[in-house]
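Asks: Counting from 181, one number per residue, gives the positions in the sequence shown under this note's numbering.
Quick reminder that beta carbons are idealized off the backbone N, C-alpha and C, glycines included.
Small disclaimer: the values here were computed from a predicted structure and weren't measured.
Below you'll find the structure I mean.
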Amino acid sequence: MRSKVHKLLPFSLKRKVDLIGTNIKLARKKRKWTIGNTAKRCQISVQTYRRVENSDSTVSFAAYAMVLYILGMANDLDKLAAPEFDQTLATT
181 MRSKVHKLLP FSLKRKVDLI GTNIKLARKK RKWTIGNTAK RCQISVQTYR RVENSDSTVS
241 FAAYAMVLYI LGMANDLDKL AAPEFDQTLA TT
């Protein structure tokens, strides 16, 4: 089930969030891994893994991070909130 916050996201942001799950699913299929096998590698339940592929925003960030790590896609995870990519004009 989607969170209330997900419903409040601007459309452009919602599409980006949804694309994460889609990309994870494509990566898993590219590797010819089953959902069960991938969930086991990630040490999460099959239900949680399915929610990741469905871009469920109630799933913990740690679960998404682990899935990305197992798929070999976590290299740039540290750039998500890196100060050098902060586009805020205000300075304090």
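Within a Cβ cutoff of 7 Å, which residues of the same chain sit near Ser-235, ignoring the five residues on either side of it in sequence?
Replies: For this step, residue 235 is matched to residue 55 along the sequence shown. Once the five neighbours on either side are set aside, the close Cβ partners of Ser-235 are Val-197, Asp-198, Ile-200, Gly-201.
Asks: Have a look at Arg-230, Leu-188, Thr-218 and flag the residue whose alpha-carbon is nearest the alpha-carbon of Tyr-249.
Replies: Residue mapping note: residue 249 aligns to position 69 of the sequence shown, counting from 1. Considering only alpha carbons, the answer is Thr-218.
Asks: For Ile-224, report the span of its alpha helix (DSSP H) as first-last.
Replies: Here residue 224 refers to the residue found at position 44 when the sequence shown is read from its first residue. That residue, Ile-224, is in no alpha helix (DSSP H); it is neither H nor E in DSSP.
Asks: What is the DSSP secondary structure of Val-197, reduced to helix, strand or coil?
Replies: The count along the sequence shown starts at 1 and reaches residue 197 at position 17. It is helical.
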